[in-house]
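Residue numbers (this note's numbering): 14 to 186.
Quick look at the structure:
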């Protein structure tokens, strides 16, 4: 084998591996989209079909969770924050250092959003699923597994306060 034949052989392997990677990426995207679509549909969200559209699926995830909350840190309007963050990430991702910092921040934001989805559907496993989600390839399978689960409604803090405050009866005579 001479150098040209070796390069052609290696090029063929590269093309084959690239094609296989593309097929796997498309399959993972479809699995994730089906899971998110079904969760949005079951939650009664309008336009749940947007789960199949890139970036717009972040809007659907945001509508599902309403806010990104980790401990005492809350980011309201997740349906706006998530898609805007990913558009900024795409536009600025190529800038040296800034792009890398944005990629890290975007990944942390995505993990926090996934954590909030896991809290809605499987609160007992939310931390475990979030740790597993650090390997991004697992997220589509987790969403697909939860697609038909009933949403576990979080109690609103205001409801807790209202339950603590029992109506007092006027006992004055």
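Glycine is no exception: its CB is placed at the ideal position from the N, C-alpha and C atoms.
In summary, residue 159 is buried, with 16 or more beta-carbon neighbours lying within 10 Å of its beta-carbon over all protein chains present. In the displayed model, residue 165 falls within coil according to three-state DSSP, outside both helix and strand. For residue 35, the enclosing alpha helix (DSSP H) covers residues 16–55. Beyond the five residues adjoining it in sequence on each side, residue 73 comes within less than 7 Å, by CB distance, of 49, 53, 58, 61, 63, 64 in the same chain, given in chain order. Between residue 23 and residue 33, the alpha-carbon positions lie close to 15 Å from each other. The beta carbon of residue 92 sits closer than 7 Å to those of 72, 75, 76, all from its chain and outside the five residues before and after it, given in chain order. With a threshold of 16 other beta carbon atoms within 10 Å, residue 149 falls short and is exposed.
Take residue 70, set aside five residues on each side of it, and the residues of its chain with a beta-carbon closer than 8 Å to its own are 45, 46, 49, 63, 64, in chain order. A Cβ-Cβ contact shorter than 8 Å links residue 119 with residue 98. Counting along the chain, the unbroken beta strand (DSSP E) around residue 83 starts and ends at 81–83. For the pair residue 78 and residue 133, the CB atoms are nearer than the 8 Å cut-off. The secondary-structure analysis by DSSP pairs residue 86 across a beta bridge with 83. Cβ atoms of residue 125 and residue 131 stay farther apart than 8 Å, at about 11 Å.
Ranking 17, 100, 88, 101 by CA distance to the CA of residue 129 puts 88 first. DSSP places residue 136 in the helix class (H, G or I) of the three-state scheme. DSSP places residue 106 outside both helix and strand once states are collapsed to three, so it counts as coil.
Nearest C-alpha to residue 137 among 154, 90, 164, 38: 164. Judged by DSSP secondary structure, residue 73 falls within the alpha helix (DSSP H) whose first and last residues are 69–78.
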